[in-house]
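Q:
There are 2 protein chains.
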Amino acid sequence: MEYFDTRDYDLAGRIGKLRTKHGIIETPYLFPVIDPIRQQPPLETIRSLGFNGIITNAYLFYRRNKGLPKKIHDSLKWNNTIMTDSGGYQVLIYGDVEVDNKTIVEYEKEIGTDIAVILDIPTGTKMSWEEARQALFETNKRAVEALPYIMDSDQLWVFPVQGSPYKDLLLISTSTAWRLPYHINAFGSPTVLLEKYEYDKILDLVGFARLHLPPHKPLHVFGVGHPMIIPFLVALGGDLFDSASYILYARDNRYMTETGTKKLEELHYLPCNCPVCSKYTVKELLEMPRKKRVEYLALHNLYMLRKEINNVKQAIKEGRLWEYLEYKSKSHPTLRKAFEIVKRYTRYLEKYNPETKGTTHALLLIDKDSHHNPRLIRIKRKVYGMLSNKKPENILLIPAYKKPYNQQIEYIEAKRRYPEYTILFYHPYLGVFPPQLANTYPYFQHEVGIIDEEVITKASTEILQVINKLRPRKIIIIQPVEEKYYLLTHKIIKWLRTKTTYTLDVLSFQT
Amino acid sequence: MEYFDTRDYDLAGRIGKLRTKHGIIETPYLFPVIDPIRQQPPLETIRSLGFNGIITNAYLFYRRNKGLPKKIHDSLKWNNTIMTDSGGYQVLIYGDVEVDNKTIVEYEKEIGTDIAVILDIPTGTKMSWEEARQALFETNKRAVEALPYIMDSDQLWVFPVQGSPYKDLLLISTSTAWRLPYHINAFGSPTVLLEKYEYDKILDLVGFARLHLPPHKPLHVFGVGHPMIIPFLVALGGDLFDSASYILYARDNRYMTETGTKKLEELHYLPCNCPVCSKYTVKELLEMPRKKRVEYLALHNLYMLRKEINNVKQAIKEGRLWEYLEYKSKSHPTLRKAFEIVKRYTRYLEKYNPETKGTTHALLLIDKDSHHNPRLIRIKRKVYGMLSNKKPENILLIPAYKKPYNQQIEYIEAKRRYPEYTILFYHPYLGVFPPQLANTYPYFQHEVGIIDEEVITKASTEILQVINKLRPRKIIIIQPVEEKYYLLTHKIIKWLRTKTTYTLDVLSFQT
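Each protein sequence line maps, in turn, to chains D and U. Take 1 as the starting number for the first sequence in the working numbering and just add one per residue. Take 1001 as the starting number for the second sequence in the working numbering and just add one per residue.
1) Please name the residues in the segment 440-464 of chain D whose beta-carbon is closer than 9 Å to at least one beta-carbon of chain U, in chain order.
2) Can you give the Cα-Cα distance for D/Ile-456 and D/Val-432, rounded to whole angstroms?
3) Which residue's Cα is closest to the Cα of D/Ile-475: D/His-490, D/Gly-207, D/Ile-395, D/Phe-425?
4) Is the separation between the beta-carbon of D/Pro-334 and that of D/Pro-374 shorter than 8 Å?
5) Since I believe D/Ala-186 is in contact with D/Phe-222 (beta carbons under 8 Å), could you give me their beta-carbon distance rounded to a whole number of angstroms?
6) How is the alpha helix (DSSP H) around D/Tyr-3 delimited, first residue to last?
7) Chain U partners of D/Gln-314, CB-CB under 7 Å?
8) Let me confirm a value: D/Leu-68 is counted as buried when at least 16 other C-beta atoms fall within 10 Å, else exposed. Which label applies?
9) Quick one, are the C-beta atoms of D/Thr-174 and D/His-212 less than 8 Å apart?
10) Considering U/Asp-1085, what are the terminal residues of the alpha helix (DSSP H) in which it resides?
11) Got a sec, what are the start and stop residues for the beta strand (DSSP E) U/Lys-1017 sits in?
12) Which of the three DSSP states is assigned to D/Ala-438 in this structure?
13) Considering only the alpha carbon of each residue, which of U/Tyr-1269, U/Tyr-1443, U/Arg-1254 lies closest to U/Lys-1262?
14) Can you look up U/Phe-1509 in the DSSP assignment and give me helix, strand or coil?
15) Kindly indicate the opening and closing residues of the alpha helix (DSSP H) around U/Pro-1374.
16) Residues in the same chain with beta-carbon distance under 8 Å from D/His-268, minus the five sequence neighbours each way, listed in chain order, please.
17) Span of the beta strand (DSSP E) holding U/Asn-1185?
18) Buried or exposed for U/Asn-1140, please, with buried defined as at least 16 other CB atoms from any protein chain shown within 10 angstroms of its CB.
19) Applying a beta-carbon distance threshold of less than 7 Å, which residues of chain U neighbour D/Tyr-327?
20) Go ahead and label U/His-1427 buried or exposed: buried means 16 or more other beta carbons lie within 10 angstroms of its beta carbon, across all protein chains shown.
21) Let me see if you follow: with CB-CB separation under 8 Å, is U/Glu-1108 close to chain D or not?
22) Given a threshold of 16 other Cβ atoms within 10 Å of its Cβ, counted over all protein chains shown, does U/Lys-1499 qualify as buried or as exposed?
23) On the DSSP bridge assignment, give the partners of D/Tyr-255 in chain order.
24) Under 8 Å between C-beta atoms, does U/Pro-1404 make it to chain D?
25) Alpha carbon to alpha carbon, how far is U/Thr-1027 from D/Thr-440? Give it in angstroms, no decimals.
26) If the cut is a Cβ gap below 7 Å, which residues of chain D does U/Glu-1340 touch?
27) Output needed for U/Lys-1368: all residues of its chain with C-beta closer than 7 Å, excluding positions within five of it in sequence on either side, in chain order.
28) I'd like the span of the alpha helix (DSSP H) that includes D/Phe-51, first residue to last.
29) Can you give me, in chain order, the residues of the segment 366-389 of chain D that have a beta carbon less than 7 Å from any beta carbon in chain U?
30) In chain order, what residues of the same chain have a beta carbon less than 7 Å from the beta carbon of D/Leu-325, not counting five sequence neighbours either side?
31) Could you tell me whether the Cβ of U/Ser-1175 comes closer than 8 Å to any Cβ of chain D?
32) Please identify the residue among U/Glu-1308, U/Phe-1061, U/Leu-1285, U/Pro-1435 whose C-alpha is closest to the C-alpha of U/Leu-1075.
33) Against D/Asn-311, what residues of chain B qualify as contacts under a CB-to-CB distance less than 7 Å, listed in chain order?
34) Taking D/Lys-469 as the query, report the chain U residues whose CB atoms sit under 9 Å from its CB, ordered along the chain.
35) Taking 8 Å as the CB-CB cut-off, is U/Ser-1245 touching chain D?
36) On a Cα-Cα basis, can you pick out the residue from D/Ala-146, D/Lys-167, D/Leu-169, D/Leu-364 that is closest to D/Val-158?
Next up, the structure:
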């Protein structure tokens, strides 16, 4: 695919380049929604923040120009990428029956937008299954109807995936998406879920859609513009977003933070570094004329969105998107629930994890949630597969407590004294691994947080499973000198003693 | 105490006003360490970021001026607060035996510093218990020796708490602190722990010291200047900090983030909003002349520190410092361990929680860690005390699943049908509570994250304990209609059935 190149991957997230007639958009990207009539803050300011693509409403542009096909880049004085939404929602509200799909599609072609959406059926309100089914089939019909108009276009065209929140309908829509030659698939979140901050439900639907959509095409998620949810959507495969939240929030004195939204009046201190918050205090912002305050708050909100996108991209580059989500999930109950959804998609996400990264940043093993890190799971599965191919008869288990583990005195001693044994390390997060891996990623590059009961329960279960699969005849296990490993070893020994298919010796080395 | 007023409290953290000769410092506060000879970035810039107090080294100032007592505010051209460290460390390094405690104390008086430290024994390197004991007694001797010089001073004087990392010695030092009329107590972190990022050990020592120090006097923690650790230190009662890290890191191309430190070369995107990071890219920063880059990185680091302090203060104002620590603890294994230390001090921290807050922000009940929230514990203890005073004979238990809980159909029905029963709600985080509280804080103002096995285990244990204490004769429990409450109710019923001191009825209401 020439118009969309992806380079860096983590979970189902990726950094990509989307080529448009007016320049390249680096994804993940959020298009600020622009009002073609009364835009605030000015486009020049938005560009100076680093946003090189905007989205506006083709229908409003059409009405404003009474259907005259003015070139949209000239009209808005914006020489970078412009995406236009079709305005299905507005059509519904204003009941303008004369503007149909063909009209809007042709108009979007004529005004020269870079990324265009066909006229879909708005999913803004809660639909019954039957209504959603009808919206889906009508949208599919329109998508086919638009094909003759758009086949010769040099624009990128967007197919709106329909059927949400009904997964059976989503499945029909996603299979249509495979057959139609649109460039971008778009998911419209039911706004009712967004308003209620039911991020877990949105994520479940987006994850489901992504799973069934062509992975090489970008996925746009409509109308999601809060720093809280963006990293989770990216992790499940969202590439493009758009939102008017920066200005809508600002008009209502709402101030985005990393972990939520505050009313400006609630704040005593500005928990932000952006040029606005570095220059003004809460009091000064509250006392300035409304128009100015709205502009500054909108700017702050855009800075927050920009930072969140940067954070996510940096996390993808480092291969630490999972760790980033673990962190974010603890900022609010709704994100903690959202994280459980991401966990549920772990197996699917894992597939997208590349085998190696240029940079191998230490794996952060924080607490029991870290056991679910897809990167760790994938590596362990490989190692366990390798081990069970070998099926060593005699194994000697050593607690891995001090890096590099193959420098531990227990290992050096054991190798000398028990040459007929295959030595394996065990670890509360890394499970079982051979000494040969002790200097490779992540067996050397990791940092360990807490080793509490839950971590030990999970780890010991896994370690026992691996050992059982090896069906050894003799086992020697070394007692740890490190206090924090007592419980884990104790649990393993207790369980090993319940079986009689092997001999078991427990040793302590003096160090 | 006139020189230090505290107004807002959360955990053992507080927002206070420290009055100095050159203005008021709002605590928690971090004093940037200033080099009197080659300061970068310029003091004017540091002030423009909102820092109104700096710290510098009295000994270096003494050497530079060959012992001449120049007025330090004039010399540095800084009209706000100046704190001077005594330079004990430098004395050790340069072996300058002629500068003794009396000399430095008199000099600090003469140059007119606002906050002054006596010449303590550096704890920079790892000391044996005997060495630490000697340092402690020598420092105590000097603190007494300095008294005649400082009693008539209008400056604030700092008593360095010694003995770390030995708690028995710390205890001796903290009891001296109660007897001596110093204004501020200061804790010197063993740098060896800081270098190894062993934040849990530092926190344990600071928590221990704070517990035994006069609570009405501010506590300064020397040499800790990373956004990661500051919120945890504030939660355990740290008021003042100082650090040169912003510039030391910058000289080494190290870039502070909310969750750690990066080498600038490692970054692909700048995960920050500050005026520096909003203006430049990684590439531009790397390509500019070194001196300029160091200045910009130092500025960025100062912006990060400023933001962290603001975040902490806003969290204290909202009464959400615990939630903030829960969040931060998931950013790195070392902070996850640090959080366990804070948990250990919960009972002590709880004391500092004021009964009511002007603003009652929703309690964020995220996962099992939230059960340890001192605010929640304190409120529940009060409610349970109240309940066990009443000892109702017949109790009727209703799952609280939809706010406001006293509008649930089960409650309305039960009240009508069973007037002879005392109705109590049960909840996976809020435990047991009477309907009368359903509209009060936090029984109305809270948000619930996940309800997993661990949350249920913890909650059911607590709920059973409360019920057992009431010694009822009859119990009715209502089955929930909400799926997510099945497991909790099931567990409670199972346990209730093991006892025979009461009759038990299980009911389901159709809604």
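Beta carbons are placed, not taken as given, at the ideal position from N, Cα and C, and that holds for glycine.
A: This is what the structure holds:
1) His-446, Glu-447, Val-448, Gly-449, Ile-450, Asp-452, Glu-454
2) 13 Å
3) D/Ile-395
4) It is Thr, not Pro, that sits at residue 334 of chain D in the sequence shown. No, the Cβ-Cβ distance between D/Thr-334 and D/Pro-374 is not below 8 Å.
5) 6 Å
6) Looking at the DSSP string, D/Tyr-3 is not in any alpha helix (DSSP H), and its letter there is neither H nor E.
7) Leu-1267, His-1268, Tyr-1269, Pro-1271
8) exposed
9) yes
10) Here U/Asp-1085 belongs to no alpha helix (DSSP H); instead the beta strand (DSSP E) covers 1081-1085.
11) 1013-1020
12) coil
13) U/Arg-1254
14) coil
15) 1374-1390
16) Val-282
17) 1184-1188
18) buried
19) Thr-1259, Lys-1330, Ser-1331
20) buried
21) no
22) exposed
23) D/Lys-262
24) no
25) 46 Å
26) Ile-450
27) Glu-1454, Val-1455, Lys-1458
28) Taken as a continuous stretch (DSSP letters only), D/Phe-51 belongs to no alpha helix (DSSP H), as it is neither H nor E.
29) Ile-366, Asp-367
30) Pro-231, Phe-232, Ala-235, Phe-339, Val-342
31) no
32) According to the sequence as given, residue 1075 of chain U is Ser; it is not Leu. It is U/Phe-1061 whose Cα lies nearest to the Cα of U/Ser-1075.
33) In the structure shown, chain B cannot be found, because the protein chains are D and U.
34) Neighbours of D/Lys-469 on chain U: none; closest Cβ ~26 Å, over 9 Å.
35) no
36) D/Ala-146
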